Structure formats: structure tokens, C-alpha cells
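The opening position of the sequence shown corresponds to residue 1 in UniProt numbering, with each subsequent residue numbered one higher. We put the CB at the ideal spot given by N, CA and C, even for glycine. This structure is a prediction, so every number in the text was calculated from the model and none was measured. See structure below.
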Amino acid sequence: MFLQKVIGTAFSRAGDGLVKLDLTNEESVNELFKTKFDAIIHCAAERRPDVAAKNVEASKKLNESVPRLLAEISKQHGIFLIYISTDYVFDGKKPPYNPGDIPNPVNQYGKFILRVSKYNGEKCIESSGLENYVILRVPILYGKIAYLGEGAVDVLLKHLMSSIEDKKNGIAVEKTAVDNEQARFPTNTQDVARVLCEITEKRLIQKDNQIFGIAHFSAQDQYTKFEMCNVFAKCLKIDQEEYFEPLDPTTVTAAVDRPENSHLSNSVLEKWGIDTSFVSFDSWWENAISKSCFLV
Numbered sequence: 001m002f003l004q005k006v007i008g009t010a011f012s013r014a015g016d017g018l019v020k021l022d023l024t025n026e027e028s029v030n031e032l033f034k035t036k037f038d039a040i041i042h043c044a045a046e047r048r049p050d051v052a053a054k055n056v057e058a059s060k061k062l063n064e065s066v067p068r069l070l071a072e073i074s075k076q077h078g079i080f081l082i083y084i085s086t087d088y089v090f091d092g093k094k095p096p097y098n099p100g101d102i103p104n105p106v107n108q109y110g111k112f113i114l115r116v117s118k119y120n121g122e123k124c125i126e127s128s129g130l131e132n133y134v135i136l137r138v139p140i141l142y143g144k145i146a147y148l149g150e151g152a153v154d155v156l157l158k159h160l161m162s163s164i165e166d167k168k169n170g171i172a173v174e175k176t177a178v179d180n181e182q183a184r185f186p187t188n189t190q191d192v193a194r195v196l197c198e199i200t201e202k203r204l205i206q207k208d209n210q211i212f213g214i215a216h217f218s219a220q221d222q223y224t225k226f227e228m229c230n231v232f233a234k235c236l237k238i239d240q241e242e243y244f245e246p247l248d249p250t251t252v253t254a255a256v257d258r259p260e261n262s263h264l265s266n267s268v269l270e271k272w273g274i275d276t277s278f279v280s281f282d283s284w285w286e287n288a289i290s291k292s293c294f295l296v
């Protein structure tokens, strides 16, 4: 039976069925994989560009050394490895991007020359000699969270709700300038999970040998951060203009450059026969906010 036994690992959030594992501790990782697994889905990474830029060595260890170790273990034990990567390996100048397009990252999160990159993690897997892997690049994600502000999308909602509360309490609230230039394609984590399951089932159960290499999965609806804030404002039935305004790109320099439009094409997944449908960003948040069900 597919997915008969699944073991989830975590570090800071171990418990509730998740096995504690420090992926940067090679001895601990090797100990875990004394158990025979059919597949590994590797999701852990330093995903925050600003943090990666400030903590080069720690980010390098997690984003580069760990994928290399997992590739070596997978090769040794005949394990199918799926490595989650990012749209940030592209510079955002010529979207939409297919897996065969040459990466050209614009910040430390993706730039292998600076050694702190998901792209370098990709190269570690590709050069390992492992013949049973998929690198799945995904964009900015949203979905159920442990706490408000956990992700790059819901942090906007957290800020808005905090401002609303301040205003109710008579505290003066200044408008926040939010980017309205960079195109993003927010994708739900449940859709990503479904795609990962389908990829794994096709490769392991159906023995589909075309399931190999790099693929992309992304929702296809485009938003700026300002437009995401507008969705939240509508769900909360408040006037967005009281709290947010578009950022003037000529007056502010971002701490870390980000691609203008790193839209990912789902063409390879579609060729593999994978379902690339996706939930509506607006609808998901309308339901989640109205029912207060966005926390796990």
C-alpha cells in the first residue's frame, strides 16, 4: 500500500508524532537511515533571503551540506529523493521559467558563488551520481500555520490584524508601504503535498522512469504583496487604504534583491501526468479567515 508508513522529522517543532532530528548532525542523520526507507522528501532549508545573507555559514550548512549528505545516503540505500527548491534560483527577467532554463539567482539565497543557496543544493544532488531523484522548485507558499506570522504570506495578515487591534485601542496607526511591483504566485502547501504524493506514487508504485530530474510546481494566479494585503482587507471587511499603501520603488532599497517575476511553468509535471490544479488564493483565505481555521 502506498504511504503505508510515513515518518516526519522536525527540529524546533519535534513532538506530536514528529521525530526530532538535527539535519546538520551527520551522525544523527545516518542513525535514522539505518531504517530502510523507500523515499525521502527533503523540505528543510533556510528560506529567508535576509537571514541567509546575514548568516552565510549556517545557511550554507543547511542549504548545501545537508542535501549532499541526503543524496549520498539515498544513493547508498537505493532511496528515491525529492528535494524542495525555490523559484529564487531565477533572476525574474524572462518568465515563465521551465526546468531547463539556466538559473541566475540575484541574492545569497540562490547564488552558488556566495555559497548560500538552494541552487547549490540542487547542484550537490545532480553531481552526486544519484539516479533516483526529483528536484521540485516551488514559489512562495501559504497554508495552515503554527502561528500567525510564520510564513512570508501570513506575516502580512499578522501586521494588518495588529494594526486593526491598535486602532481599536486608540493607538495611532501609520500606513505601511508594501511592494506593488514584484510578481508572486502564492501556492498552497496542501497542493504541494498532493503533487509530492503523486510524484512519489508514480515513481515508486507505477515505476514510471520519466519521473526524474527537475520539475516546477506553482499556482498560476499572480499577486504583488500589496494585492495580497488587499485580499486580506476584503476578508476582514476593512478599508485597506487606512492601513497600507503601495511602496514607491524609487525611494527604498530592499535589504536583499529579489526577482521581479519568477513565474514557474508546470509543463514538466503536466508531461508526467501530475495534477497541477491549485486552490484559489482569494477563496482559501476567505474561508480561513471567516472560520479562523488557518492555524494547525
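Within 10 Å of its beta-carbon, does ALA219 have 16 or more other beta-carbons around it, so buried, or fewer, so exposed? So ALA219 ends up on the buried side.
With DSSP as the reference, please indicate the residues paired to TYR142 in a beta bridge. ASN188
State buried or exposed for LYS111, treating a residue as buried only when at least 16 other CB atoms are found within 10 Å of its CB. Since pLDDT at LYS111 reaches only 44, below the 50 mark, its modelled position is unreliable, and no value is offered.
Just the Cα atoms here: how many angstroms apart are SER65 and THR24? 8 Å
For GLU181 and ILE73, what's the separation of their Cα atoms in angstroms? 42 Å
Starting from LEU18, trace the beta strand (DSSP E) both ways and give me its first and last residue. 18-20
Could you compute how far the alpha carbon of GLN206 sits from the alpha carbon of GLU241? 52 Å
Would DSSP call TYR133 helix, strand or coil? strand
Residue from THR189, CYS229, LEU69 and ILE135 whose Cα sits closest to the Cα of GLY100: ILE135
What does a CB cutoff of less than 7 Å around GLN210 pick up in its chain, not counting 5 residues either side in sequence? TRP272
Give the DSSP-derived three-state secondary structure of ASN63 in the structure shown. The three-state secondary structure of ASN63, taken from DSSP, is helix.
So for LEU23, helix, strand or coil by DSSP? Coil.
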